[in-house]
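To start, the structure itself, in structure tokens.
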Amino acid sequence: DLTEDWEGLIIILDTSSALAEIINAKRPGRYAIKVR
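Residues 14 to 49 in the working numbering are what the sequence shown spells out, letter by letter.
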């Protein structure tokens, strides 16, 4: 089973990656996320 409510941290190294584009990250760094 997967949870529908989750908090975490994403570290973006390459701003041209698919994940960086999904979260709209313009600069490398750490991003806090919350999934609901």
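Don't be surprised by glycine CBs; every beta carbon is placed ideally from N, CA and C.
Cα-Cα, which of Thr16, Asp14 and Leu22 is closest to Ala45?
Selected option, being the one with the closest Cα: Leu22.
TODO: Would you give the residue range spanned by the beta strand (DSSP E) that Leu22 belongs to?
DONE: It spans Trp19 to Ile25 - the beta strand (DSSP E) in which Leu22 sits, taken as one unbroken run.
State the Cα-Cα distance for the pair Arg43 and Thr16, rounded to the nearest angstrom. Separation of Arg43 and Thr16 (C-alpha to C-alpha, rounded to the nearest whole angstrom) is 22 Å.
- Task: Please list, in chain order, all residues of the same chain as Lys39 whose beta carbon is under 8 Å from its beta carbon, the five residues on each side excluded.
- Result: Excluding the 5 residues flanking it on each side, Lys39 has same chain C-beta neighbours closer than 8 Å at Thr28, in chain order.
Just to confirm before moving on: does the CB-CB distance between Arg49 and Asp14 stay below 8 Å? Taking 8 Å as the Cβ cut-off, Arg49 and Asp14 do not qualify as a contacting pair.
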